[in-house]
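Beneath this line is the structure, given in structure tokens, with notes to follow.
See below:
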């Protein structure tokens, strides 16, 4: 029974709503879960939490399916003579006592590989682990990390761990440099809510959004002006904007480049106009504009963007820099761990709710290094690619079955309570780590409440209110008092940017998937069925190529083509989509699972993998972008899309243009202010005549209106 309930108040069959949260990439998503008779049925956002305001992500929406997934691990297992057999938690406790707590000593040879976790209670437990085993390694791994942002900001904020908090509600002009503020950013729900408030002309002046990116994102789709460029050229666009700001408007002259890139897209009139318009808008809206760079961009870009926001007077208005206690996972740490495994320095490795055999950079060859470790332990929801090659697998409790806490993007301490008892007897991460330390199974509720009391005082009423509310107010990260050092303009490989031509290397653009994230949600059929918001593909990923590039390469939709990157190859189906930058190939991650379940891939049971495993091409030196070459065609592969994107030939464009006036009513903001009913007069429509006598509906009638400036 959740703490805030009294059993005598329960009404059978009546819905009850409980505050909770889930973590994704180490960031809390505040939620409210509806429960009927002790069974969670629907997940929504916490309307009282600033990071949610009642909305949530597709990953949270799918949580009840994950909870009830029959492919979830239903108990511990261990390898005996090369064969997997069922085991028990008691057997594992005996193993821990014999091989870890009683023999480990200072922890030499012991390592834990865990996902990012911003839980203060987990951090306290991790500190106990490090005290118990001072020579052990505790490494964080995330397939998708914002480490470049963290390192870039640290370089200009005196080494501090800085997290930028954006206020799109205060921004008249937004420049998104390969940053999907409205899509996959950890704070995208808050951004979407804030952005929507600036798209209603009846309320206030509408904002203007510029997007610079290689692949179409939700932010790019919502942009008023979008410039598709290769990922490696985003820094060049920033450099050109900085030079234009200095030369034409006298802003940031001390850090401006002496020369902007030339050639290629930078020689095109449309690009020059775009850069001039961006610089002019930023200059005209000092203090009410925003420049944001995405996690795919190098640290130097983030450093320069921080300096540019300072020069534009945006700090404290559209962006604030907060001191974060939650560090981003650094892929270099995982690489160092693999090196130690290969050197024989790790004899016991615990993969705590991670799947590095599937999603670690291909050049690390994690599976081969893992095979050299004497004792391999996996803890997680599923018997995944890492679990099946481990000596032990321990089944984890789902977050809907567990107590938990974590920090939202702005640092607000957010709490979770269980909605149901563990279906398969799984343990939470607190209990599991407690076993490794030798403290026995730690009761998560007591431990979290104890750490909560240490932070805010041991007041039972405050704790109960926080659990009921779902968070502790006033606990966001403190603002940094450091003045950002103005960083020089980012380096650009060559100021002569040649246009891409057939025969040149392509640029692989790796991105987490809009529905499967990094692959952890691949076995949820609803998410597989959910169309990608841009390609509208279901049940597959694809190599996304722009029409001009596809024509130059001689490929079309459904062609199965071989791609190579750093000596590794992958055959992948092609999907041609307008908006993909010339010379680039979008490669969504998270597909091609081989030990996932009866939805996404389990070859041992005759279930083929869904999609293509692009992790097999991604390396530690090409986490976001890589030099790609295309080999020959390998046949055809049928892709399924819920929307036709292909009426883009001359006949299709002409037909659409003829009908556009009847389908879409558009006008400028000034025209709307002068004539709010302009849409009714844009196209003359003859009186509607019916072939039969229409039925007259009395009372309420159903209707829907969609505001395309906000949606």
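Residue numbers (the working numbering): 9 to 719.
From the three backbone atoms N, C-alpha and C, an ideal C-beta is built for every residue, glycine too.
List the whole-angstrom C-beta distance separating residue i from residue j, where the pair is believed to meet the contact cut-off of C-beta under 8 angstroms.
{"i": "residue 248", "j": "residue 219", "result": "Not a contact, Cβ separation roughly 16 angstroms."}
{"i": "residue 301", "j": "residue 186", "result": "7 angstroms"}
{"i": "residue 171", "j": "residue 485", "result": "6 angstroms"}
{"i": "residue 420", "j": "residue 193", "result": "Wrong, their Cβ atoms sit about 17 angstroms apart, outside the cutoff."}
{"i": "residue 71", "j": "residue 51", "result": "5 angstroms"}
{"i": "residue 225", "j": "residue 191", "result": "5 angstroms"}
{"i": "residue 178", "j": "residue 294", "result": "The Cβ separation is near 13 angstroms, so there is no contact."}
{"i": "residue 589", "j": "residue 286", "result": "That pair is no contact at about 17 angstroms."}
{"i": "residue 721", "j": "residue 530", "result": "Residue 721 falls outside the range modelled here, since the chain spans only 9 to 719, and no answer is possible."}
{"i": "residue 272", "j": "residue 505", "result": "4 angstroms"}
{"i": "residue 599", "j": "residue 619", "result": "3 angstroms"}
On the CB-based measure, 16 or more other CB atoms within 10 Å of its CB, does residue i come out buried or exposed?
{"i": "residue 542", "result": "buried"}
{"i": "residue 435", "result": "buried"}
{"i": "residue 710", "result": "exposed"}
{"i": "residue 700", "result": "exposed"}
{"i": "residue 9", "result": "Reliability of the predicted coordinates at residue 9 is poor, the pLDDT of 37 falling under 50, and no value is obtained from them."}
{"i": "residue 20", "result": "exposed"}
{"i": "residue 754", "result": "Given a span of 9 to 719 for the chain in the structure shown, any question on residue 754 remains unanswerable."}
{"i": "residue 807", "result": "As displayed, the chain neither begins before 9 nor continues past 719, which places residue 807 out of reach and without an answer."}
{"i": "residue 714", "result": "exposed"}
{"i": "residue 306", "result": "buried"}
{"i": "residue 596", "result": "buried"}
{"i": "residue 593", "result": "buried"}
{"i": "residue 509", "result": "exposed"}
{"i": "residue 359", "result": "buried"}
{"i": "residue 693", "result": "exposed"}
{"i": "residue 276", "result": "exposed"}
{"i": "residue 26", "result": "buried"}
{"i": "residue 141", "result": "buried"}
In its own chain, which residues sit with a C-beta less than 7 angstroms from the C-beta of residue i, not counting the 5 before and 5 after it?
{"i": "residue 705", "result": "none"}
{"i": "residue 12", "result": "With a pLDDT of only 45 at residue 12, under the threshold of 50, the placement of this residue in the model should not be trusted; the figure read from the coordinates follows. Within the same chain, residue 12 has close Cβ partners 472, 475, 476."}
{"i": "residue 488", "result": "165, 168, 170, 329, 330, 331"}
{"i": "residue 128", "result": "413, 421, 459, 463"}
{"i": "residue 92", "result": "85"}
{"i": "residue 254", "result": "260, 261, 264"}
{"i": "residue 68", "result": "30, 37, 39, 51"}
{"i": "residue 430", "result": "405, 409"}
Which residues in the same chain as residue i place their Cβ atom closer than 6 angstroms to its Cβ, once the five residues preceding and following it in sequence are excluded?
{"i": "residue 412", "result": "424"}
{"i": "residue 362", "result": "121, 123, 149"}
{"i": "residue 319", "result": "259, 260"}
{"i": "residue 366", "result": "393"}
{"i": "residue 154", "result": "303, 336"}
{"i": "residue 629", "result": "none"}
{"i": "residue 649", "result": "544, 545"}
{"i": "residue 718", "result": "204, 207"}
{"i": "residue 296", "result": "180"}
{"i": "residue 495", "result": "164, 311, 312, 315"}
{"i": "residue 104", "result": "443"}
By Cβ distance below 8 angstroms, which residues in the same chain neighbour residue i in space, the five residues on each side in sequence not counted?
{"i": "residue 647", "result": "545, 548, 550, 565, 566, 581, 583"}
{"i": "residue 499", "result": "243, 308"}
{"i": "residue 64", "result": "37, 39, 51, 52, 53, 197"}
{"i": "residue 216", "result": "180, 181, 182, 232, 233, 289"}
{"i": "residue 408", "result": "28, 41, 48, 71, 72, 75, 426, 427, 428"}
{"i": "residue 537", "result": "546, 547"}
{"i": "residue 373", "result": "346"}
{"i": "residue 447", "result": "136"}
The stretch 40-56 contacting the stretch 389-403, beta-carbon criterion three pairs below 8 angstroms: no
Contact between the stretch 246-261 and the stretch 555-565 (3+ Cβ pairs under 8 angstroms): no
Those runs of the beta strand (DSSP E) which lie wholly inside the stretch 287-326 and span at least 3 residues: 297-301
Inter-stretch contact at 8 angstroms, needing at least 3 Cβ pairs: the stretch 297-314 / the stretch 181-195: yes
Segment contact, 8 angstroms Cβ cut-off, at least three pairs: the stretch 403-417 with the stretch 375-390: yes
The stretch 563-583 in contact with the stretch 636-648 per 3-pair CB rule at 8 angstroms: yes
Inside the stretch 167-250 only - beta strand (DSSP E) runs reaching at least 3 residues: 170-174, 181-185, 216-221, 233-236
Whole runs of the beta strand (DSSP E) within the stretch 503-539, excluding any shorter than 3 residues: 514-519
Sufficient close CB pairs (3 or more, under 8 angstroms) joining the stretch 52-71 to the stretch 362-377: no
Completely contained beta strand (DSSP E) runs for the stretch 379-439, where each covers 3 or more residues: 383-388, 400-403, 412-415, 421-424
Whole runs of the alpha helix (DSSP H) within the stretch 579-645, excluding any shorter than 4 residues: none
Segments of 4+ residues assigned as alpha helix (DSSP H) that fall wholly inside the stretch 122-164: 128-140, 155-164
Three CB pairs or more closer than 8 angstroms across the stretch 336-353 and the stretch 72-79: no
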